[in-house]
Amino acid sequence: MPENQIDEIKARTDIVAIIGERIQLKKAGRNFKAICPFHGEKTPSFMVSPELQIFKCFGCDAKGDVFSFLEQYDGMEFPEALKYLADKAGIKLERTNFGQSSEKEKLIEINSQVVRFYNYLLLEHPVGAKALKYLKEERGLKKETIEEFKLGFSPESSYALKKFLVDKKKFLPVDIEKVGVGIARGRDLYDRFNGRVIFPLFDHRGNPIGFAGRVLPWDKRETGKYINSPETPLYHKSSVLYGLNLTRGQIKKKKVAIVVEGELDLISSWQAGIKNVVAIKGSALTEEQVKLLSRFAQKFILALDSDVAGDAAARRGIKVAGDTGVEVKIAGITGFKDPDEAARGNIESYKKDLISAVGVYDYFIDSVFARINPESGSGKSKISKEIIPILGEIGDKIVQSHYANVVARKLGVPLEAVLEELAKISDKNPVSPQPPPSFKMTEGSVRRELLEERFLTMAFQSDPKILLSQKTAGLITLPLNKRLVEEYAKFDSGKDFDVTKFGESLPAELFDKYIL
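Convert by adding 259 to the 1-based position in the sequence shown; the result is the number in the working numbering.
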């Protein structure tokens with residue numbers, strides 16, 4: 260790829276617009292600030308400079324240009340980021356050795372062909388007719404829904420996929436095995452998902468990364484109901500959010516994500532009109548899923564099959580979401596075992612359940628009291644052992660006090676008893692650091708600051724090495740300005756000055772003040 264074309268793409272790309280599509284940026288002088296997407300924080304330390312077209316976090320030191328951001332945030336490889344930005348800028352990439360398909364692109368292409376193959380067999384080939392009838396009549400799916408989610412069918416013949424991918428499409432068996440759809444046995448290649456309805460799994464950008472296969476009711480093999488792709492270079496179960504490629508627009512628009520467990524929970528909800536929905540393929544949100552989904556939603560409403568309060572992993576996931584600043588609520592499904600049944604059985608009741616979703620701790624408390632009788636001493640003890648550790652996780656002491664009151668009232672015990680139990684598990688609160696003393700600038704000091712800033716600006720625009728000269732040493736007197744010169748002295752290596760790289764090297768207070 261010619262350097263001038265890379266430069267052209269960068270010149271026609273606004274880093275603020277690209278990053279602003281993914282996280283919320285706020286104007287801060289001539290720069291933009293945000294909560295860093297790469298580490299947990301409550302005070303914004305992530306800066307974006309529109310003039311230098313760079314970003315830098317002063318909390319975790321993530322930094323770089325627009326390509327670096329897409330590589331770190333979206334997980335793109337450089338060729339993928341280059342193509343993405345070229346398409347947005349309306350630039351046709353020149354195909355050179357650099358532009359040849361990467362390993363990742365090759366694996367995505369294999370998966371794309373598999374998606375088409377399975378989808379064709381389900382919708383248009385006699386071998387998939389029985390599975391199609393099951394999806395329509397037993398699961399209530401419309402043809403357009405099946406097409407939208409690109410559902411498919413893998414035939415019971417273990418060799419059909421090999422004939423298509425190897426004999427017809429000329430892919431290598433080793434690559435087919437690498438994406439997880441094929442299993443090598445000696446010189447043969449078997450279809451991992453044979454005889455199953457196929458749910459293709461996509462990343463949030465729409466790239467096919469893996470598959471889930473569901474056995475049909477008449478399948479008598481002793482096997483699990485679902486199997487998923489193994490971990491591959493493309494598929495990592497802990498980071499997959501099923502359906503997000505189709506629903507992220509509605510999630511972002513409403514700023515609310517309805518979180519369900521399985522593929523059919525999502526598909527039935529979506530077909531019934533609940534479009535801001537995503538499936539986590541399990542009962543517990545992972546840290547990776549929270550990080551991804553919080554890009555699009557400020558509130559999660561969990562509509563899960565399992566008892567979240569009794570599931571430690573699910574509670575951990577909820578805590579991770581809460582720690583990122585996302586509001587989390589839990590909806591109980593009335594009269595049905597899961598969202599799939601609710602969406603098909605009584606969509607209005609299901610929607611009311613979602614609207615009536617309650618706060619996490621209200622749900623936890625109600626769930627525990629519904630399972631354990633609080634009338635006896637042993638019942639009170641069991642409830643205490645479950646509830647107190649959960650209340651201990653609440654960081655806000657006012658909120659914690661509120662729920663301690665709720666628990667005390669439900670148990671019929673004094674509030675002091677609950678607080679004493681909480682005290683046993685409470686960590687000592689760290690002492691907050693004191694802010695530095697403020698000072699008021701005089702009119703003279705303001706003039707001095709302006710003069711020094713003007714001098715520094717001219718120096719960096721012409722020849723910054725002048726700042727290291729003994730002749731100019733006495734001109735810089737203000738502390739921040741002296742620090743800027745010190746940073747330049749550390750940065751200078753005798754080479755041509757690169758203001759972008761210098762900007763990336765600055766600490767927060769200097770970046771905010773001088774990288775304008």
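Glycine included, every Cβ here is placed at the ideal spot set by N, Cα and C.
None of these values were measured; they are calculated from a predicted model.
Simplified DSSP state of residue i, which is helix, strand or coil
i      : result
Pro689 : Annotation note: pLDDT 48 at Pro689 (below 50); position unreliable, no value reported.
Glu330 : helix
Asp599 : helix
Ala590 : coil
Ile486 : strand
Lys269 : helix
Glu745 : helix
Phe430 : coil
Asp320 : coil
Val440 : coil
Tyr494 : coil
Lys315 : strand
Leu523 : helix
Val499 : coil
Ile735 : coil
Lys301 : coil
Leu352 : coil
Arg554 : coil
Ala248 : Because the chain in this structure spans residues 260 to 775, residue 248 falls outside the shown range and cannot be described.
Asn466 : coil
Gly576 : helix
Gly399 : coil
Asp564 : coil
Pro723 : helix
Pro695 : Only weak support is given to the placement of Pro695: the predicted model assigns it a pLDDT of 45, under 50, and the question is left unresolved by the model.
Paired residues, beta bridge with residue i - DSSP
i      : result
Phe458 : Ala471
Leu544 : Paired residues: none, contrary to the question.
Asp447 : Arg444
Phe412 : Val456
Phe559 : Ala516 and Val587
Own chain residues within Cβ distance below 7 Å of residue i, not counting five before or after
i      : result
Pro695 : Per-residue confidence for Pro695 stands at a pLDDT of 45, beneath the threshold of 50, marking its modelled position as unreliable; no derived number is given.
Asp582 : Gly299
Gly618 : Lys588
Phe297 : Cys316, Cys319, Ala321 and Gln331
Val665 : Ile624
Gly638 : Ile631 and Asn632
Glu652 : Lys578
Ala748 : Leu727
Terminal residues of the beta strand (DSSP E) in which residue i lies
i      : result
Asn290 : Asn290 to Ala293
Ser308 : Phe305 to Ser308
Ile282 : From DSSP, Ile282 is part of no beta strand (DSSP E); its letter is neither H nor E.
Asp478 : Element bounds for Asp478: n/a, residue is neither H nor E.
Residue i - containing alpha helix (DSSP H), residue span
i      : result
Val793 : Missing from the structure shown is residue 793; the chain here goes from 260 to 775 and no further.
Ala345 : Phe337 to Ala348
Ile510 : Leu503 to Lys513
Phe376 : Glu362 to Glu383
Ile405 : Lys402 to Glu407
Lys805 : Past the boundaries of the shown model lies residue 805; the chain is included only from 260 to 775, so the question cannot be answered.
Own chain, CB closer than 6 Å to residue i, minus 5 neighbours either side, in chain order
i      : result
Thr404 : Gln530
Ser361 : Glu336 and Pro338
Arg271 : Ala348
Leu503 : His463 and Val537
Arg455 : Ser413, Gly472, Arg473 and Val474
Asn453 : Ser413, Glu415 and Ser417
Lys285 : Lys292
Arg603 : Gly399 and Ser527
Phe376 : Phe423
Asn378 : Lys409 and Gly411
Close Cβ partners of residue i (< 8 Å) along its chain, the five nearest in sequence each way excluded
i      : result
Gln548 : Ser497, Ser498, Val499, Leu500, Ile539 and Gly576
Phe430 : Ile369, Gln372 and Leu424
Asp822 : Residue 822 lies beyond the range of the chain shown here (260 to 775); nothing can be said about it.
Any non-hydrogen atom of the ligand COA closer than 7 Å to residue i Cβ
i      : result
Arg444 : This structure lacks the ligand COA; in fact it carries no ligand of any kind.
Exercise for the section: Only counting runs of 4 or more residues, tell me where the alpha helix (DSSP H) segments fall wholly within the segment 606-693, in order along the chain. Expected result: 606-614, 619-630, 636-651, 656-670 and 674-684
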